[in-house]
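Asks:
2 protein chains.
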Amino acid sequence: MTTPAAPEAPLARLSLNTATTKAWTLEEALDGAVRGGLGAVGLWRDRVHEVGLDKAARLVEASGLRVSSLCRGGFLTADDDAGIAAALADNRAAIVEAATLGARELVLVVGGLPASSAPGGPALPYPAGDTTGAPDADPARDVVAARARVADRIADLAPHAAEHGVRLVLEPLHPVFAADRAVISTLGQALDLAAPFPAETVGVVVDTYHVWWDPDLQRQIARAGAEGRLASYQVSDWTLPLAADALLSRGHVGDGHIDFATLTRWVAAAGYTGDVEVEIFHQGIWDTPGDQTVATLAERYTRHVLPHLG
Amino acid sequence: MTTPAAPEAPLARLSLNTATTKAWTLEEALDGAVRGGLGAVGLWRDRVHEVGLDKAARLVEASGLRVSSLCRGGFLTADDDAGIAAALADNRAAIVEAATLGARELVLVVGGLPASSAPGGPALPYPAGDTTGAPDADPARDVVAARARVADRIADLAPHAAEHGVRLVLEPLHPVFAADRAVISTLGQALDLAAPFPAETVGVVVDTYHVWWDPDLQRQIARAGAEGRLASYQVSDWTLPLAADALLSRGHVGDGHIDFATLTRWVAAAGYTGDVEVEIFHQGIWDTPGDQTVATLAERYTRHVLPHLG
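Set out below in structure tokens:
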């Protein structure tokens, strides 16, 4: 069998996120990454749970690949006791899974407004009879309070993450997802939330799809590097028109509007030396044979990202 | 005939943007706003051009309504001489139109990436044969350069606006539109672009649909007030799922996820005493009889906005 990319190999820092080759099992994704000459994989928990944690850990170890991240924990915005307890239990389990898999970085998608976190969740019209004016505090719409709960949950989870040598990696999501998936919308906001905690316990991820538009991005990437919190660099492209489900609207690097040369130089200038993970949710890519997708990732990475990694 | 709302009337600060009642001509929109008891209208240039500028000005004056804004100028990101000249000519014309209509505030949607400003513009794959790596400066994707051109065009237009007593009002658009409609994505960025110019010449608009998600919003609204640049407050709601065309994905105030109580209090605390304009692009609302839409605007404004205007 082939072996993973050596440190000096051209694709040594390229990581296949299992969400990109959705049709592949964990074992198929590991084999495909090795076959493609990649150095790492980013794992989603569903692929891990399918085979069981211990077997997944053995498969990963046998592959010789690094695990650049485990996706994902989070969904921390619940405002009821049961929801908070369930979120903490799930994230504590994710921390143990990351440690067992040898994944240093656990990516957290922190969740949207409490009553609307279901993807495509319904709008929440006020009762037709209500003419009393909007309540001063409307929990279903109070994004400020939802963000405060995220800060509280990170404080709850940080000691557990530190015990297991896992870093909680806060992911700012594109503001198109602010209502239903993540109330963290900018890298600066993620760094502010991380600030109270040690850099080895709470970090941030730069996902080009989510942050490319941010006028403050260069400064915040430099800040993330200076603070030692730049935990992951994920690449995929912003394509138009949006897919019916915006979540599935990403494209291969180079197919959209993102300036990967500039963003990659900013990330490199911030001192990032880790893996470059490709995570694309896109039906057309999911319908493509995995080896072909991996070959496209490698070709686009080599053309648009690698020359600028320094 | 009825007369417009007196200053103390409950709807005196409510403004109907003509884009909300798209099926109405200018005259129908003016009559409908007066019939509904509103104090102002926001005008789109297409409605004005249909009847001609001079007649439009007479109709507006006869209605007794204030013109809370003229929409819109902008699209300033062209990087070729012909495109720049065309943008300057169109915006100079818009400034004259605003002055003639008695509109103090000319809203500018500044445009997206140069080669992709067409709504739903195509993605821009690199030539399949190109294996030379992404160019260091890719004009079609260089959002930093596009923003710099917007600053240059504002400097070109500001003297003309000042001569005519019109204010250029920079509109931050939701980042979902950063590639194809506006490279200004946050209120803070708009205020930074406005900073070199007098507050009476370059201002900003707070449109709840575009900025509600911004973690820095309260601070930037206060800053806009302190700098005397808070030129317009526009309200519509963020509803999910997104419409196929994200531009048409807005809803009536109260039908979505935005906390109007809190945002309106922030705007009032910043010293804003102007009109509250309702601008909604939504096929279902366009298919509704105009008087019914105006009645809904009034009811939602009275319930969710007015109580918090102070």
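So the protein lines, in turn, are chains A and B. Note that our numbering numbers the first sequence so that position 288 is 337, with each residue one more than the last. Note that our numbering numbers the second sequence so that position 143 is 192, with each residue one more than the last. C-beta: ideal position from N, C-alpha, C; glycine also.
Kindly list the residues whose CB is nearer than 6 Å to the CB of B:TRP93, restricted to its own chain and excluding five residues on each side of it in sequence; keep chain order.
Replies: THR67, ALA68, CYS120
Asks: I want to verify the contact list: residues of chain A whose CB lies under 9 Å from the CB of B:HIS223, in sequence order.
Replies: Per Cβ cutoff of 9 Å: PRO224, VAL225.
Asks: Considering only residues of the same chain and omitting the five flanking positions on each side of A:ASP263, which have a CB-CB separation below 6 Å?
Replies: THR235
Asks: Can A:PHE330 and A:LEU291 be called in contact, C-beta distance under 8 Å?
Replies: Against a cut-off of 8 Å, the Cβ pair of A:LEU291 and A:PHE330 comes out as no contact.
Asks: Using three-state DSSP, classify A:GLU326 as helix, strand or coil.
Replies: strand
Asks: In the structure shown, what three-state DSSP assignment does B:GLU154 receive?
Replies: strand
Asks: From the DSSP output, in three-state form, read off B:TYR321 for me.
Replies: coil
Asks: Flag this pair as yes or no: are the beta carbons of A:VAL302 and A:ALA280 separated by less than 8 Å?
Replies: no
Asks: Report the three-state DSSP secondary structure of B:SER281 (helix, strand or coil).
Replies: strand
Asks: At what residues does the beta strand (DSSP E) containing A:ALA344 begin and finish?
Replies: Where A:ALA344 is concerned, there is no enclosing beta strand (DSSP E), although the alpha helix (DSSP H) it sits in stretches over 339-349.
Asks: Can at least three beta-carbon pairs, one atom from the segment 200-211 of chain A and one from the segment 99-107 of chain A, be found at a separation below 8 Å?
Replies: no
Asks: Under the assumption that B:ASP6 contacts A:ASP191 (Cβ atoms under 8 Å), give the Cβ distance between them as a whole number of angstroms.
Replies: Any question about residue 6 of chain B goes unanswered here, given that chain B covers just 50 to 359.
Asks: Specify whether the segment 143-162 of chain B and the segment 228-247 of chain B touch according to this definition: at least 3 beta carbon pairs, one from each stretch, less than 8 Å apart.
Replies: By the Cβ test, the segment 143-162 of chain B is in contact with the segment 228-247 of chain B, since at least three Cβ pairs between them sit closer than 8 Å.
Asks: Which first and last residues belong to the alpha helix (DSSP H) in which A:TRP335 is found?
Replies: 332-335
Asks: Could one say the Cβ of B:ALA295 lies closer than 8 Å to chain A's Cβ atoms, at least one of them?
Replies: yes
Asks: Please confirm if A:LEU358 has its CB atom under 8 Å from at least one CB of chain B.
Replies: no
Asks: B:ALA310 and B:HIS357: beta carbons closer than 8 Å?
Replies: yes
Asks: From the DSSP output, in three-state form, read off B:SER112 for me.
Replies: helix
Asks: Would you report the Cα separation of B:LEU79 and B:VAL284, rounded to the nearest angstrom?
Replies: 19 Å
Asks: DSSP state of A:SER125, grouped into three classes?
Replies: A small correction: the amino acid at residue 125 of chain A is Leu; Ser does not occupy that position in the sequence shown. Reduced to three states, the DSSP call for A:LEU125 is coil.
Asks: Between the alpha carbons of A:GLY81 and A:LEU242, how many angstroms are there, rounded?
Replies: 37 Å
Asks: For the 8 Å Cβ check, are there 3 or more pairs between the segment 244-253 of chain B and the segment 320-335 of chain B?
Replies: They do not touch, by the three-pair rule.
Asks: How far does the alpha helix (DSSP H) with B:VAL199 in it reach, from first residue to last?
Replies: 192-212
Asks: Against chain B, does A:GLN238 count as a neighbour if the rule is that its beta carbon must be under 8 Å from one of theirs?
Replies: yes
Asks: With a Cβ-Cβ cutoff of 8 Å, do A:GLN269 and A:GLY237 count as a contact?
Replies: Yes, they are a contact pair.
Asks: Counting only Cβ-Cβ distances shorter than 7 Å, please list the residues of the segment 279-293 of chain A near chain B, keeping chain order.
Replies: TRP287, THR288, LEU289, PRO290, LEU291, ALA293
Asks: Are there 16 or more other CB atoms within 10 angstroms of the CB of B:GLY339, so buried, or fewer, so exposed?
Replies: Classification of B:GLY339: buried, given that the 10 Å Cβ count is 16 or more.
Asks: Within this structure, are the beta carbons of B:VAL327 and B:LEU346 separated by less than 8 Å?
Replies: Yes, these two residues count as a Cβ contact at 8 Å.
Asks: Are any of the Cβ atoms in chain A nearer than 8 Å to that of B:THR235?
Replies: yes
Asks: Less than 6 Å between C-beta atoms, sequence neighbours within five positions excluded: which residues of the same chain meet that for A:TRP315?
Replies: GLN267, ILE270
Asks: Would you list, in sequence order, the uninterrupted beta strand (DSSP E) runs of no fewer than 3 residues that lie entirely inside the segment 214-259 of chain A?
Replies: 216-219, 251-256
Asks: Below 8 Å between beta carbons: does that hold for A:ALA204 and A:LEU219?
Replies: no
Asks: Whole angstroms is fine: what's the gap from A:PRO59's alpha carbon to B:GLU154's?
Replies: 55 Å
Asks: Considering just the uninterrupted stretch of the beta strand (DSSP E) at A:ALA292, what are its terminal residues?
Replies: A:ALA292 -> no beta strand (DSSP E), and no H or E assigned at all.
Asks: Determine the direct distance from the alpha carbon of B:ALA135 to that of B:GLU276, and round the result to whole angstroms.
Replies: 31 Å
Asks: Mind checking if A:VAL192 is an interface residue toward chain B, Cβ cutoff 8 Å exclusive?
Replies: yes
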